[in-house]
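*Asks:*
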Amino acid sequence: WDEPLIFELTSPGERGVGVPVPDLPVPDLPAGLRRSEAPGLPEMSQPHVLRHYLRLSQENLGVDLNVDVGQGTCTMKYSPKVNDGFVRDPRISELHPLQDESTVQGVLEILYRLEGLLKEISGMDRVSLQPASGSSAIYTNVSMIRAYHAARGEGDVRDEVITTQYSHPTNAAAPKTAGYKVITLMPDADGYPDIEALKAAVGPRTAALLITNPEDTGIFNPRIEEFVRIVHEAGGLCCYDQANANGILGITRARDAGFDLCHFNLHKTFSTPHMCGGPAAGASAVTEALAPFLPRPTVEFDGSRYHLDDDRPESVGKIRPFYGVVPNLVRAYAWIMALGGEGLRAVAETAVLNNNYLISKVLRIRGVSLPYAEGQRRIEQARYSWEQLNADTGIHSEQLGYRVADFGTHYWTSHHPYLVPEPMTLEPTESYSQADLDEYAAILAEVVREAYEDPETVRTAPHNGPIHQMRGDSLDDPGTWAVTWRAYQRKLA
Amino acid sequence: WDEPLIFELTSPGERGVGVPVPDLPVPDLPAGLRRSEAPGLPEMSQPHVLRHYLRLSQENLGVDLNVDVGQGTCTMKYSPKVNDGFVRDPRISELHPLQDESTVQGVLEILYRLEGLLKEISGMDRVSLQPASGSSAIYTNVSMIRAYHAARGEGDVRDEVITTQYSHPTNAAAPKTAGYKVITLMPDADGYPDIEALKAAVGPRTAALLITNPEDTGIFNPRIEEFVRIVHEAGGLCCYDQANANGILGITRARDAGFDLCHFNLHKTFSTPHMCGGPAAGASAVTEALAPFLPRPTVEFDGSRYHLDDDRPESVGKIRPFYGVVPNLVRAYAWIMALGGEGLRAVAETAVLNNNYLISKVLRIRGVSLPYAEGQRRIEQARYSWEQLNADTGIHSEQLGYRVADFGTHYWTSHHPYLVPEPMTLEPTESYSQADLDEYAAILAEVVREAYEDPETVRTAPHNGPIHQMRGDSLDDPGTWAVTWRAYQRKLA
Amino acid sequence: MLAAIGAESVEEFYADIPDSIRLHRPLDLPAPLRSEAELVRHMDDLLSRNIPARLSFLGAGCYRHHIPAVVEEVANRSEFLTAYAGEPYEDHGRFQALWEYQSLMGELLEMDVVNVPTYDGFQAAGTALRMAGRATGRRRLLLVGPIDPDKVSKIVDFVRPDHDVEVLDGTEDGWQTADLVVGADVAAVYIEAPNFHGVLDPALPSLAERAHAVGALLVVGCNPISLGAVAPPAAYGADIVCGDIQPLGIRMSFGGGNAGFIATRDEERLVREFPSRLFGVIPTVVEGEYGFGDVFYDRTSFALREEGKEWVGTAAALNGIMAGVYLALMGPQGMREIGETILALTRYAQERLSEVPGVEAPNRDKVSFADFVLRFTGERTAAEINTLLLEQGIQGGLALSDTDALYCVTEIHTREDVDRLAATLQEIVK
Amino acid sequence: MLAAIGAESVEEFYADIPDSIRLHRPLDLPAPLRSEAELVRHMDDLLSRNIPARLSFLGAGCYRHHIPAVVEEVANRSEFLTAYAGEPYEDHGRFQALWEYQSLMGELLEMDVVNVPTYDGFQAAGTALRMAGRATGRRRLLLVGPIDPDKVSKIVDFVRPDHDVEVLDGTEDGWQTADLVVGADVAAVYIEAPNFHGVLDPALPSLAERAHAVGALLVVGCNPISLGAVAPPAAYGADIVCGDIQPLGIRMSFGGGNAGFIATRDEERLVREFPSRLFGVIPTVVEGEYGFGDVFYDRTSFALREEGKEWVGTAAALNGIMAGVYLALMGPQGMREIGETILALTRYAQERLSEVPGVEAPNRDKVSFADFVLRFTGERTAAEINTLLLEQGIQGGLALSDTDALYCVTEIHTREDVDRLAATLQEIVK
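Residue numbers (my numbering), protein chains in the order written: chain V, 8 to 500; chain A, 8 to 500; chain L, 533 to 962; chain W, 533 to 962.
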């Protein structure tokens, strides 16, 4: 399809859906509050709206359509369709969050049970399901850390948070937003966060360490207990970003390594679909010591009825309206219930097996390397480098990625900054078969062959996509960026 | 996508969905009734099955995706998505047909009301909603005709049914199946069924006339009352195939022209989706005289409760298990209720306007003609001929159609035999805008330009589809046809 | 647009319709529900008067099974839901999905030829019998019961022009083998596995020989969901197999989910008698690419009008695609398990329920699949018992007579469901 | 696969995990529900203990509107539902759909810059205020009430490091204009249209001037579904507009449907303060083709970690696509009608209900949109009245105090629904 912009499809007088118009007078609005001109929305019939978006959908690549191992750190796994049915059921989708508690016992029970499941999976004592995403959960944890130190009279003293370079950017950005000074540990020669740097950084100003393990390189830091000990000894808290938990479910838990807080991305590890970038769902898990600071309300059970407890005086308060991204919480609950403890462990082991298998295939391709920790295994993902290929051919990793898209799949590089040069991050999860991984590796190999033998084809990619190469960087120039049709018409049309 | 056959995707040991296995003994089956070898189904994980079918779906062209005016006679109209929701609602989808009547009053009321709506739309006295499709409704009507004459002692005498060449093939095939000799009226020079031939054909052996109006040429036969009169005078019944009712809703009705029976295709005129070729739904409407022969059961209302009446001694019996293709009956009911009487008439007028607009655009293209009834309007569709283009370029209508598919839409020729040489039948319905029709005509014009200027491109089409030209006619040879993977492996692999 | 056409008004396009048959008033229909919100409210009011049974023991030709979510995900795709009769090129996906359905059913049935689904199992039986009649050129059809009387009604109406139908309903729940006299005028013997009462008749494997001995064909109706555990009729010599695919992943929808299949061996004399579309695979000009098209199109009424076999038209294609998705999800292991689960539960239900005083399971000594007969020997009729069960939130089976009813269990029932029925019957049956 | 890797067992891959932190036992979780059928049954049991209200008057930040079927048809597409963070080339559809969402909202809001949705309206308000703080470099934030106290809680927690928050809640349902003293230390004045009590404050159009006079920004939270009838805040001088798009075609889902928007004029000093992704349009090498990408990526934490603005991560993109579909379906006419319908019904409800003895509508003299306050002057509290309403099948409004409750009507309510509430209250309110 060469689908136009929706504003180009307007056909004056057409409408997509009718609205009930009761025979009642419309009250007069106060001066200045009546809209003077109708909004410049397109006028379209219902089939035209539908056709437009169906075509756009066909120009998009979901997990369901491809071997989606290329979005490393994102844990692109299959989300069972049956779970979508539960959340589309009116008995979830049509519930108002303020309904009488007697009419929502089922959903409260699901929330309560899900907290219980995540307590066992993490080893923690309480879990809040209110955060809207992983980043929101990181912020929630930081907010609780802040409240914890404040409650102990150390709120003003402890104004530093330590994190690591290979943790998700929000581990740096959220504490900064919460008012902390951020110290970032760089990787040592083996790719582990530099423990000497940690020792140098900790002290009475340390509020917390925010760390991921395995980090986005897929390398598990075996000295994690020591990291925790060092921070604890300095009076700081330790907060575990479990974005990469998919390879270690049932293998090792945040509490077992001594952490005080952790969070899960339910849309990664627990399979809720990624939805073009959310809504997601996060879970913040804490030890008893931090439980008083959890967001309100919590879900409680008195032996016969589930209810919401909003009376939590030390709580950091609300993180989100009402009680979290409930549809995703329902999906995550169902996913865990279908698997059980051994099923979760099988998920982890399969994901790790798939990753190490893919590594063995990819490393046979010319021009690629796997920086750090040579000879050691990776857990559930791996960050590769095309530095050699770039040196040989001038082709950048991004360009390889554009060409890979021509073959019906894709990959991304990784988060900035590119400490690993010309990066590519692959995370195959448990959802793919050996044949899928072979197919993916074969596509990479073919594109690399082109890079060496016919680099122009790679350099001018994509060729089979819905659009061709974009021009220039007008998006960084206030004179040409256009975030809306209004702006586009004014600046570029 | 270059999607393999599903059997090529097997991965032994994988499963798509689990089955509950109770802890109960499996009884021994009688000798010879135990399956000895497991069926050779593929073994696939759930995401693999889903991915396969999603990719196949993207290799298919639904009404929702394209300007689907090319399947003339099929009335490809937009089916409002909201109606799909009603039939997916468990209060329809999870109803067993034999449930206690007290628990299915809602669906019975819908069926009863839908009969009422169709009575008014057709002018008839009773309507059966049991037929599974238009063809099934034609057969049902023929079966009632047979029962009617039998009840009057003329069953053996009246053994001929008259139909017309431009009616759907089932108007010939169903009476033949029901044991009738079939007489087909050919079109006269103006494209009308030859009235002289009718006069010659009718007589004491005439059971019925099965006729469409407008026929698949889109031409309305203005002497239809005379046809009915001639047949009635000979003691035959008149049965109106209203497959082409979309252009005449609220304009003229079967009863008004004197018919005894008629049928509607609810999946055409009344918008239920076409589903790759069914399930559809048919409605057989009759006058009081034929009502005793309607399929059983009928839906009745006693003033307080809806119930099924299976006690109909003269009924032709069951046409289908239970009560018809209920989901489509629900959709059709909702569609009519959203439109009302004036809405239906607006549907007809828009469809006719669209058709005549498209005719005016298409006839400007080189090499096309509109046989019959020159200078007269068409109702809701038109059968064109590429005879001139074929003479000029050697390109056949089918080949044009293959090339049109490269542009993201399509057309078909028409039913056999091709009385109109090199036919193309277009029926734009009410669902398309002027811009859509312009786009469609522009595609036709472009392909015709190619046919004249670059015929090889047309001759070797398709070029942009999921597959390329198919070879040979192995499908007519018992030695090479392969209806299943089993047969394919044996014969061709 | 009118100007572009050169017309004054839409009325011009209706010039050919005589005034005498014009409707000179608006259709007298209810006022339109113009907004989606009002329509939804209207429909919701109607739908709220339907109450799906949470615990039901109804079967009898329409079965509640678990529908894997992926089946409906695929079926609800706009691309499949709203497509129709496009050509193999731009509708490649539909052709492939239906050919794969045929192929998956072929594996289940162990037969090489399977049609694009026809309307329902009734139609499939009627057509299968007429196919047998055309292939043999004979008039008599022997139907071995018990068969759903509604299905017999349909068959009789459908075959009437060419065939005499004889129904051998036997006594009780079976027929006496000795009663089956297959004469040389017989086109086909038709029997079901399981039959209307759920019984898998031990005589099934012996019938092919008796039919074939006089040149008749054996036509078997079967429930495809049994075939992972139960032998496919082809294994015991059936020539034509037919039935309903509703159990394979299609909702009951008040009887709207039924769709029929017909299968044969790959013999030209049988293949040429199919009225339905049969898709076949065909190579394209590109090596390794598959195309699909109609096998032997000149069988059909699309090609030859009344000279084709019966007729073909819009049938039940999407149900075929759904059944294909279902079979692909289940795989050989899933089909075996579901067959065995239902066999086990049907046996358990008969045993458990016949422990209730006043309840008998007359076919306990045979093997039943899903459907089974209960006999109430107390004072209350089967229909009265249903009314009392409904008060307890249970939908009982189909009343066959005052004493007998046809109950049904599938994999969605648990042992506890059966126990609850037993406990409730214990209270009710006096 | 192990052999291909050269590993003995999966254990090898875990060699780096010290034994001391290994879990040496299986996770103690409930036995798995291995079959979909069992899972569905388990979930159905839980879901059966939820009872959506057929007639409800709850709003207060989560609204029941009619959701056009096409909205969910699009949102449920696998291609959108399961995609994530692909590049503009192979995820062109997602980029375009989100850019179109931004654009459609831009038309509704009359603003040139709209973000890819953030988590919810609470977060949108918090971020909008911090954007204002960063743009002005000032500490004080003035919040003009009534505002949902939960939202205030979120804002206070979120802006704490950089801002002092002052909430001016006024008396009754408004604030006294004289109370609003905007000093030169004020970063932003925040107010809502309609406010928490549903009122469209007549003072709104006068605020921009007062804020701008001292260099403060005016930040307005609004309900986007009102804006076909009600003036967009940009029209009366708002600098930043924020709110929740849940009303635009997204189900309530027990509060799971909320998602936030933030919009500004196209001024670099404001645009650079967005933490969210902002998609922009860009030409490709093929004339007439559009591509999409991130505008000024170096604002974000994706680019600069803690040096970016706040943070960005997975947010609520699909809700944005849904709201876009909703706006495209409604068009200018639909948005005007729905705004007017809700205004009319809100007025009618206040008038009709205040006819009931013991019931007052204290804001009757103002214009309310959707939400409105009822005051019960009898002996029963608002909570007690809710309990009694529930017995009659009606879910009442949110109790704000013993006497006051926040009720809500939208286009899904009919005049008859309001009359039924009035009649029921008449019985209950003593």
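Glycine is no exception: its CB is placed at the ideal position from the N, C-alpha and C atoms.
Is Leu121 (chain V) helix, strand or coil when you go by DSSP?
*Replies:* Locating residue 121 (chain V) in the first sequence gives position 114, where the first residue counts as 1. Helix, per DSSP.
*Asks:* How about Thr491 (chain V) and Arg554 (chain W): do their beta carbons lie closer than 8 Å?
*Replies:* On the first sequence, position 484 is the one that residue 491 (chain V) refers to. On the fourth sequence, position 22 is the one that residue 554 (chain W) refers to. No, these two residues do not count as a Cβ contact at 8 Å.
*Asks:* Would you identify the three-state DSSP class for Ile875 (chain L), choosing helix, strand or coil?
*Replies:* Position 343 of the third sequence holds residue 875 (chain L). One point to set straight first is that residue 875 (chain L) is Leu, not Ile, in the sequence displayed. Leu875 (chain L): helix per DSSP, three-state reduction.
*Asks:* Measuring only between beta-carbons, confirm whether Val542 (chain W) sits less than 8 Å from chain A.
*Replies:* Here residue 542 (chain W) refers to the residue found at position 10 when the fourth sequence is read from its first residue. Chain A, which has no Cβ nearer than 8 Å to the Cβ of Val542 (chain W), makes this no.
*Asks:* Less than 8 Å between the beta carbons of Ser86 (chain V) and Arg338 (chain V), yes or no?
*Replies:* As a working mapping, residue 86 (chain V) is identified with position 79 in the first sequence. As a working mapping, residue 338 (chain V) is identified with position 331 in the first sequence. For Ser86 (chain V) and Arg338 (chain V), yes; Cβs fall inside 8 Å.
*Asks:* For Pro200 (chain V), which residues of its own chain have a beta-carbon under 8 Å away from its beta-carbon, when the five flanking residues on both sides are left out?
*Replies:* As a working mapping, residue 200 (chain V) is identified with position 193 in the first sequence. Contacts found: Thr171, Gln172, Tyr173, Leu192, Met193, Pro194, Ile218, Glu222, Asn228, Phe234.
*Asks:* Are the C-beta atoms of Gly47 (chain V) and some chain A residue less than 8 Å apart?
*Replies:* As a working note, residue 47 (chain V) is residue 40 in the first sequence. By this cut-off, Gly47 (chain V) is not an interface position.
*Asks:* Answer yes or no: do Ser833 (chain W) and Ala180 (chain V) have a C-beta to C-beta separation smaller than 8 Å?
*Replies:* For the purposes of this step, residue 833 (chain W) is taken as residue 301 along the fourth sequence, with counting starting at 1. For the purposes of this step, residue 180 (chain V) is taken as residue 173 along the first sequence, with counting starting at 1. Yes, Cβ-Cβ distance for Ser833 (chain W) and Ala180 (chain V) is below 8 Å.
*Asks:* Quick check on Arg837 (chain W) - is its C-beta less than 8 Å from some C-beta in chain A?
*Replies:* Walking along the fourth sequence from the start, residue 837 (chain W) turns up at place 305. Not one chain A Cβ lies under 8 Å of Arg837 (chain W).
*Asks:* For Pro27 (chain V) and chain L, any beta-carbon pair shorter than 8 Å?
*Replies:* Here residue 27 (chain V) is taken as the residue at index 20 of the first sequence, counted from 1. Closer than 8 Å: yes.
*Asks:* Report buried or exposed for Thr963 (chain L), applying the criterion of at least 16 other Cβ atoms within 10 angstroms of its Cβ.
*Replies:* Nothing about residue 963 (chain L) can be read from this structure; chain L reaches only from 533 to 962.
*Asks:* For Ala931 (chain L), write down the residues that DSSP places opposite it in a beta bridge.
*Replies:* For the purposes of this step, residue 931 (chain L) is taken as residue 399 along the third sequence, with counting starting at 1. BP columns for Ala931 (chain L) point to L:Ala937.
*Asks:* Under 9 Å, CB to CB, which of the residues in the region 609–620 of chain L have a partner in chain V?
*Replies:* Within the region 609–620 of chain L, the residues whose Cβ lies closer than 9 Å to some Cβ of chain V are Ser610, Glu611, listed in chain order.
*Asks:* Am I right that Gly254 (chain A) and Ala214 (chain A) are in contact with their C-beta atoms under 8 Å? What's the rounded C-beta distance?
*Replies:* Position 247 of the second sequence, counted from the first residue, corresponds to residue 254 (chain A). Position 207 of the second sequence, counted from the first residue, corresponds to residue 214 (chain A). Their Cβ separation, rounded to whole angstroms, is 29 Å, which puts Gly254 (chain A) and Ala214 (chain A) out of contact at 8 Å.
*Asks:* Of all the options A:Gly324, A:Asp309, A:Pro286, which has the alpha carbon lying nearest to the alpha carbon of Val333 (chain A)?
*Replies:* Within the second sequence, the letter at position 326 stands for residue 333 (chain A). When each option's Cα is compared against that of Val333 (chain A), the closest is A:Pro286.
*Asks:* What number of angstroms, rounded off, separates the C-alpha of Val802 (chain W) from the C-alpha of Ser438 (chain A)?
*Replies:* Reading the fourth sequence from its first residue, position 270 is the one you call residue 802 (chain W). Reading the second sequence from its first residue, position 431 is the one you call residue 438 (chain A). The amino acid at residue 802 (chain W) is misidentified as Val; the sequence shows Leu. Their Cα atoms are separated by approximately 44 Å.
*Asks:* If you draw a straight line from the alpha carbon of Ser541 (chain L) to that of Asn363 (chain A), how long is it in whole angstroms?
*Replies:* On the third sequence, position 9 is the one that residue 541 (chain L) refers to. On the second sequence, position 356 is the one that residue 363 (chain A) refers to. Looking at the two C-alpha atoms, the distance is approximately 12 Å.
*Asks:* Check each residue of the region 925–941 of chain W: if its Cβ is closer than 8 Å to any Cβ of chain V, include it; give the result in chain order.
*Replies:* Flagged, chain order: Gln927, Leu930.
*Asks:* Among all the DSSP beta bridges, which residues are the ones paired with Glu570 (chain W)?
*Replies:* Counting from 1 along the fourth sequence, the entry for residue 570 (chain W) is found at position 38. Glu570 (chain W) is not bridged to any residue.
*Asks:* Along the chain, where does the alpha helix (DSSP H) containing Ile917 (chain W) start, and where does it finish?
*Replies:* As a first step, residue 917 (chain W) is located in the fourth sequence; it is residue number 385 there, counting from the start. It spans 914–923 - the alpha helix (DSSP H) in which Ile917 (chain W) sits, taken as one unbroken run.
*Asks:* In whole angstroms, what separates the C-alpha of Pro182 (chain V) from that of Phe93 (chain V)?
*Replies:* Start at 1 with the first residue of the first sequence, and residue 182 (chain V) comes out as number 175. Start at 1 with the first residue of the first sequence, and residue 93 (chain V) comes out as number 86. Whole-angstrom Cα-Cα distance: 36 Å.
*Asks:* Between which two residues does the alpha helix (DSSP H) carrying Gly689 (chain L) extend?
*Replies:* The residue you call residue 689 (chain L) lines up with position 157 of the third sequence. The sequence shown places Asp at residue 689 (chain L), rather than the Gly named in the question. Residues 681–691.
*Asks:* At a CB-CB cut-off below 8 Å, which residues of chain A make contact with Glu568 (chain W)?
*Replies:* Reading the fourth sequence from its first residue, position 36 is the one you call residue 568 (chain W). Within 8 Å Cβ-Cβ: Val24, Gly25.
*Asks:* Please classify His744 (chain W): does DSSP put it in a helix, a strand, or coil?
*Replies:* For this step, residue 744 (chain W) is matched to residue 212 along the fourth sequence. If DSSP states are grouped into helix, strand and coil, His744 (chain W) belongs with the helices.
*Asks:* Do Leu559 (chain L) and Leu351 (chain A) have their CB atoms nearer than 8 Å?
*Replies:* Stepping through the third sequence from its first residue, residue 559 (chain L) is reached at position 27. Stepping through the second sequence from its first residue, residue 351 (chain A) is reached at position 344. Yes.
*Asks:* Compute the distance between the beta-carbons of Leu561 (chain L) and Gly130 (chain A), then report whether it is under 8 Å.
*Replies:* Here residue 561 (chain L) is taken as the residue at index 29 of the third sequence, counted from 1. Here residue 130 (chain A) is taken as the residue at index 123 of the second sequence, counted from 1. Not closer than 8 Å, so no.
*Asks:* Helix or strand or just coil, what does DSSP make of Leu136 (chain V)?
*Replies:* Residue 136 (chain V) sits at position 129 when you count from the first residue of the first sequence. Three-state DSSP puts Leu136 (chain V) in coil, outside helix and strand.
*Asks:* Count the C-beta pairs between the region 92–110 of chain A and the region 454–474 of chain A that are closer than 8 Å, then say yes if the count reaches three, no if not.
*Replies:* Judged by Cβ distances under 8 Å, the region 92–110 of chain A makes no contact with the region 454–474 of chain A, as fewer than three pairs qualify.
*Asks:* In three-state terms, what does DSSP make of Lys528 (chain V)?
*Replies:* There is no way to answer for residue 528 (chain V), as the model of chain V reaches only from 8 to 500.
*Asks:* Does DSSP put Asn272 (chain V) in a helix, a strand or coil?
*Replies:* Looking up residue 272 (chain V) in the first sequence gives position 265. Residue state, collapsed to three classes: strand.
*Asks:* Using a Cβ cut-off of 8 Å (strictly closer), state whether Glu916 (chain L) contacts chain V.
*Replies:* Against the third sequence, residue 916 (chain L) aligns to sequence position 384. Taking Cβ atoms only, chain V never reaches closer than 8 Å to Glu916 (chain L), which makes this a no.
*Asks:* Using a Cβ-Cβ cutoff of less than 7 Å, which residues in the same chain neighbour Ile13 (chain A) once the five nearest sequence positions on both sides are dropped?
*Replies:* Taking the second sequence and counting its residues from 1, the one referred to as residue 13 (chain A) is at position 6. Within the same chain, Ile13 (chain A) has close Cβ partners Pro49, His59.
*Asks:* Just checking: is the beta-carbon of Thr703 (chain W) within a distance shorter than 8 Å of some beta-carbon in chain A?
*Replies:* As a first step, residue 703 (chain W) is located in the fourth sequence; it is residue number 171 there, counting from the start. Confidence at Thr703 (chain W) is low in this model, with a pLDDT of 49, below 50, so its placement is unreliable and the value that follows should be read with caution. It does not: the Cβ of Thr703 (chain W) has no partner Cβ on chain A nearer than 8 Å.
*Asks:* Would you kindly work out how many angstroms separate the C-alpha atoms of Arg373 (chain V) and Asp461 (chain V), rounded to a whole number?
*Replies:* Counting from one through the first sequence, the residue named residue 373 (chain V) turns up at place 366. Counting from one through the first sequence, the residue named residue 461 (chain V) turns up at place 454. Approximately 15 Å between the Cα atoms of the pair.
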